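The block underneath contains the structure these notes are about, expressed in structure tokens.
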Amino acid sequence: MVGSAARHRRNSRDGGDRVSIYLSGGGDVPLADFIADAARSSERRGADVPRIAVIYTGRATRQTTPDDVAQALAREGSCEPVIREYGATDEAALTDLVDIDALYVSGGDAREYLRALQPIVGEIRRRVAEGTPYFGTSAGALIAADKALVAGHSIGGIAVAPDTIGAGASELEIAEGIGLVDITIDVHAAQWGTISRLIAATEAGLVDGGVAIDEGTALVVTDGGLEVHGAGSMWQVMPGEHGVTVATAAAS
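According to my numbering, the sequence shown is numbered sequentially starting from 195.
Here it is as structure tokens:
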């Protein structure tokens, strides 16, 4: 099931650019490979330094600021972070992506990211398919899926995970994501207990399985396949005839 995640691989095989999708469970994950991919992307417009859009919402409730993200990117390699911050009523525009070589989507409330990015979701899909690298951490990883678990910790009024992961909602909320990968993603897996949320959603038939990613860990989707990078594990949840199966893949 996870092997089908790289929906856009065919573009590179047909002569397009390398697909590069990084889905992080949160926390600190090495960014050097992402920035190297961004540098390759920038060569298409003849630029020496890649411009990376830092997409961010929810400043009032976040400990991490967009400047923190920009500084972390700059520490990992030569790049020009371009902050795209959206307030509670702001929406993205196509002009926000002009001369952008890679996308970094930060954490926070996944619902707010989907609301803000709705006008450019199709353009994001197109660009990633054509080789623009995408790095999503926490909420940024959640929304990359077809079906995104955006909030909630209970199903049918029964708690299936700690309420700390609910983003202010009790009942599980599933929304149409950006659609970069065809599996459902959950994040902060071992740290916040989201594995049980993904298991319950799969068992209830709300999603067709997926992966839960630990903090400090990233699932990397490229034309060459899938890899797990970082310090933790990826938990693969699969529906089966006799119940849900869970397997792990340790980071390399």
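We put the beta carbon where it would ideally sit given N, CA and C, even for glycine. Predicted model only: the values in this text are computed from it and were never measured.
- Taking 8 angstroms as the cut-off, the beta carbon of Ile-249 is found closer than this to the beta carbon of Val-299.
- With fewer than 16 other Cβ atoms from the protein chains shown falling within 10 Å of its own Cβ, Ala-398 counts as exposed.
- Secondary structure note for Glu-397: its alpha helix (DSSP H) is the uninterrupted segment 389-397.
- Residue nearest to Ser-364 within the set Asp-376, Glu-370, Ile-349 is Ile-349 (criterion: CA-CA distance).
- For the pair Val-322 and Ile-215, the CB atoms are nearer than the 8 angstroms cut-off.
- In the three-state scheme derived from DSSP, where H, G and I count as helix and E and B as strand, Ser-446 is classed as coil.
- At the C-beta level, Thr-411 and Val-401 stay beyond 8 angstroms of one another.
- Residue range 315-323 is occupied by the alpha helix (DSSP H) that includes Arg-321.
- Separation of the CB atoms of Ile-372 and Val-315 is rounded to 5 angstroms, and the pair is thereby assigned contact status at 8 angstroms.
- Taking C-alpha positions only, Pro-244 is separated from Ile-229 by approximately 8 angstroms.
- Judged by beta-carbon spacing, Pro-260 lies beyond the 8 angstroms limit of Ala-296, meaning their Cβ atoms are not closer than that value.
- Inter-residue distance for Ala-345 and Ala-304 is about 8 angstroms (C-alpha atoms, whole angstroms).
- The shortest C-alpha to C-alpha distance from Glu-274 to any of Ile-246, Glu-367, Ala-226, Ala-441 is the one to Ile-246.
- For Val-243, the secondary structure class from DSSP, reduced to helix, strand or coil, is coil.
- Of the residues assessed, Arg-278 falls on the buried side of the cut-off, its CB having 16 or more other CB atoms within 10 angstroms.
- By the neighbour-count criterion, in which 16 or more other beta carbons inside 10 Å mark a residue as buried, Thr-255 falls on the exposed side.
- For Tyr-280, the closest C-alpha among the options Thr-258, Ala-310, Val-263 is that of Ala-310.
- The three-state secondary structure of Leu-288, taken from DSSP, is helix.
- Residue pairing by DSSP places Ser-427 opposite Ala-444 in a beta bridge.
- Between Val-263 and Leu-336, the beta carbon gap of about 17 angstroms keeps them out of contact (Cβ cut-off 8 angstroms).
- Under the DSSP assignment, Gly-334 falls in the alpha helix (DSSP H) whose first and last residues are 333-336.
- Contact between Ala-338 and Leu-217 holds, with the beta-carbon distance rounding to 6 angstroms and staying under 8 angstroms.
- Less than 8 angstroms divides the Cβ of Ala-445 from the Cβ of Gly-424.
- Shown here, Asp-340 sits in coil according to DSSP, grouped into three states, outside any helix or strand.
- At the C-beta level, Thr-251 and Gly-302 come within 8 angstroms of one another.
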